[in-house]
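FYI, in mature numbering (1 follows the signal peptide of the UniProt record, and there is no 0) the residues of the sequence shown are -42 to -1, 1 to 410.
Structure first, commentary second.
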Amino acid sequence: MKQRGRHRRRRRGRAVRAVLSGTALALTAAATLISTSQATVADNPGALERIASPAELGRLRLTEQPVPQLWLDRLQAAMGKPAGVGAVLDSADRTLRDERACTGEEKDALPVEPAATRAYCWDTADAAARQWQPESVTTSGDASADGRWGGHRVILSGWTDSGDDARDRGLARVAFVDADDPARLTYTWALLAVPVDGGRDYRGLVSHVSGMTWYRDKLLVTTSGGERDALYVYDLDRIQRATVTSDAIGRVPGGWSAHGYRWVLPAVASYRPTGGTCDGPDGAAGRAAAGMPCPTGLSLDRSSAPDSLVASEAAPAGGGRHTRLWRYYFSPDPARSGLLVADSAGTVIAGEAYETKAEDVRGVLSRLTDPAGHAAWYLSRPAGPHGTRGTLWRQDLGGARAPECGSEDTHRCWGEGTGSLSYWPQTGELWSVSGRTLFALPLSSVDRALRR
């Protein structure tokens, strides 16, 4: 009897412990769910706020600074007749791998909701060169109304050298991708450069190309770090051939070198903030001195009239300052193809501007949603310190939404380190880069995910 009593007490003890343990687990799960829910709510940037203050809008003014025509003519006379995009594509010597040939790490960088419908990974030699980081993308869907350039479907991707070698750190290059055959994308490289010494030489552009937009015959790229301008402009009908293969940049004995690449793009103009400078990695010093926002994200908006360049800055997480979004209009003047609307003094003003509570914005896209001119803004953010995926928000004056995924309805469904955004109207696709992977998906799939 005593033994049976001891067994009953043990069973009761085990039952009590099981109940207590289950209760503790339930409380822990509830706390985790509450914490996740609170984090999701706190992460919501809410509605955009329009910037109407003339003083604040005045901080967005740019001054156009063309490279003197004499400099460009002198450089061309020395280097020979420029080439166009078609000649660069004809020299493609690398092939992008399709998703089936990507590594697990490369695939892990892709968004999960909505999922990419096309993904490509770079040639294995370029993928292994970890000092070079892909940061931006634009396409011939931006460049022309029919989505082609010289009959070709083309993708451009901007990369920056972030390695330890001080001689090369910060150099910028562009991959010219022949996308005519979706099953076999090929590409080659061109170095971004800046004419110096009156056009007798050039140096490499030293900047993160975190944003880039191809409009008509011009490529506009963001600048940072040692470059004091907000944007540099390149003419895609003025691509020069390098004649010497070496690590040097510029004039060398026997000809011209472009850090080992076959092609080089000398800048034809730049845009500098009228009231200050863009200093530091994201323009931090310039902002501190004069409140000058330095664009890190760029894209083209063909839904506006006229077509416009939209820009975003990367306000640091936890910095206590709202991110600014704004747009400049492109000039309809054929003599100013691919340049922004400017007055006789070369001053460019922002057509509109907003503030968002979203932090660390890396990609920006704007699309008008109604005839009254209201726009939806798509903002991509990379993974945070406690997450493995980024977020894609769509914001307007009424609020913000992001796709949800996973059992906890998290908004962190986008790529792990997504860069700039580019919309290809003729195919309806949104293009971006994440990690070391180039990908596309229908913009309509993003909007469907937002309505769930």
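We treat Cβ as the ideally placed atom computed from N, Cα and C, and that holds for glycine.
Along the chain, where does the beta strand (DSSP E) containing residue i start, and where does it finish?
i	result
L149	T144 to V154
R174	No beta strand (DSSP E) holds R174; DSSP gives it neither H nor E.
G208	I207 to V210
A83	From DSSP, A83 is part of no beta strand (DSSP E) but of the alpha helix (DSSP H) over T82 to A86.
A216	G213 to A216
A77	R76 to C79
D193	L189 to D193
T376	T376 to W382
E387	E387 to S392
Would you kindly work out how many angstroms separate the C-alpha atoms of residue i and residue j, rounded to a whole number?
i	j	result
L163	T146	18 Å
V191	S262	21 Å
V70	S215	42 Å
R158	F397	40 Å
residue 418	S270	Outside the shown range of the chain (-42 to 410) lies residue 418, about which nothing can therefore be said.
D55	T144	For clarity, residue 55 is Arg in the given sequence; the question names Asp instead. For R55 and T144, the distance between alpha carbons rounds to 9 Å.
E22	A77	37 Å
D104	Y287	20 Å
A(-17)	T118	Because A(-17) carries a pLDDT of 39, less than 50, the predicted location of this residue cannot be relied on, and the following value inherits that uncertainty. Each residue's Cα considered, the two are about 48 Å apart.
I9	L15	7 Å
L149	Y160	11 Å
L129	A330	43 Å
F134	D48	10 Å
R230	R174	21 Å
S98	W107	6 Å
K39	L33	10 Å
L355	V391	28 Å
L177	A273	25 Å
R220	G208	12 Å
R409	G4	16 Å
S102	P383	10 Å
Q(-5)	A341	Summary for Q(-5): the model assigns pLDDT 34, below 50, so the residue's position carries little reliability; its value from the coordinates is reported in the next sentence. For Q(-5) and A341, the distance between alpha carbons rounds to 18 Å.
A333	D265	13 Å
G309	M170	19 Å
H166	L388	22 Å
G218	T349	37 Å
R245	R186	Confidence in R245 is poor, its pLDDT being 43 and thus under 50, which makes the residue's placement too unreliable to answer from.
V404	E93	21 Å
L20	L297	12 Å
G212	M37	11 Å
P153	P224	6 Å
A(-13)	D138	In this prediction, A(-13) scores a pLDDT of 35, lower than 50, which makes its location untrustworthy; no coordinate-derived value is stated.
A86	D122	15 Å
L323	W90	25 Å
G(-21)	S120	Since pLDDT at G(-21) reaches only 43, below the 50 mark, its modelled position is unreliable, and no value is offered.
L401	A35	45 Å
Just to confirm the assignment, what range does the alpha helix (DSSP H) spanning residue i have?
i	result
A59	Counting along the chain, A59 falls outside any alpha helix (DSSP H), and DSSP gives it neither H nor E.
A407	L401 to R409
D159	Run containing D159: none in the alpha helix (DSSP H); it sits in the beta strand (DSSP E), D159 to G162.
V43	V43 to D48
A5	Per DSSP, A5 belongs to no alpha helix (DSSP H) and is neither H nor E.
P12	P12 to G16
D100	S98 to A101
D1	K(-41) to D1
Tell me, please, which residues DSSP counts as bridged to residue i.
i	result
Q23	S228
G255	S270
V112	D136
C363	T368
V202	S215
G357	D354
P92	W117
S180	One point to set straight first is that residue 180 is Thr, not Ser, in the sequence displayed. Note: T180 sits in a beta bridge opposite L189.
R52	Y145
W221	A148 and R199
T235	In the DSSP output, where bridge partners are listed per residue, T235 has none listed.
L396	Y78 and V391
W107	H110
For this session: Identify every run of the beta strand (DSSP E) within the region 116 to 143, keeping only runs that are complete inside it and at least 3 residues long; order them along the chain.
Result: Taking 3 residues as the minimum length, the beta strand (DSSP E) runs contained wholly in the region 116 to 143 are 130 to 136, in order along the chain.
Exercise. What beta strand (DSSP E) runs, 3 residues minimum, are completely inside the region 257 to 339?
Worked result: You should have 266 to 270, 281 to 287, 310 to 314, 321 to 326 and 333 to 339.
Exercise. Should the region 371 to 378 be regarded as contacting the region 37 to 47, the criterion being three or more beta carbon pairs within less than 8 Å?
Worked result: As far as the Cβ criterion goes, the region 371 to 378 does not touch the region 37 to 47, which means the pair count is below three.
Exercise. Three or more C-beta pairs closer than 8 Å, one from the region 178 to 188 and one from the region 25 to 38: is that the case here?
Worked result: No, they do not touch.
Exercise. Below 8 Å, can you find three or more Cβ-Cβ pairs linking the region 327 to 344 to the region 291 to 307?
Worked result: Taking a contact to require three or more Cβ pairs closer than 8 Å, the region 327 to 344 and the region 291 to 307 do not qualify as touching.
Exercise. Do three or more CB pairs link the region 272 to 288 to the region 308 to 315 at distances below 8 Å?
Worked result: Short answer: they touch.
For this session: Taking 8 Å as the threshold, find out whether the region 201 to 214 comes into contact with the region 109 to 120 through three or more Cβ pairs.
Result: Too few Cβ pairs lie closer than 8 Å, so no.
For this session: Report yes or no: do the region 51 to 68 and the region 391 to 405 share at least 3 C-beta pairs separated by less than 8 Å?
Result: With the cut-off at 8 Å, the region 51 to 68 and the region 391 to 405 touch.
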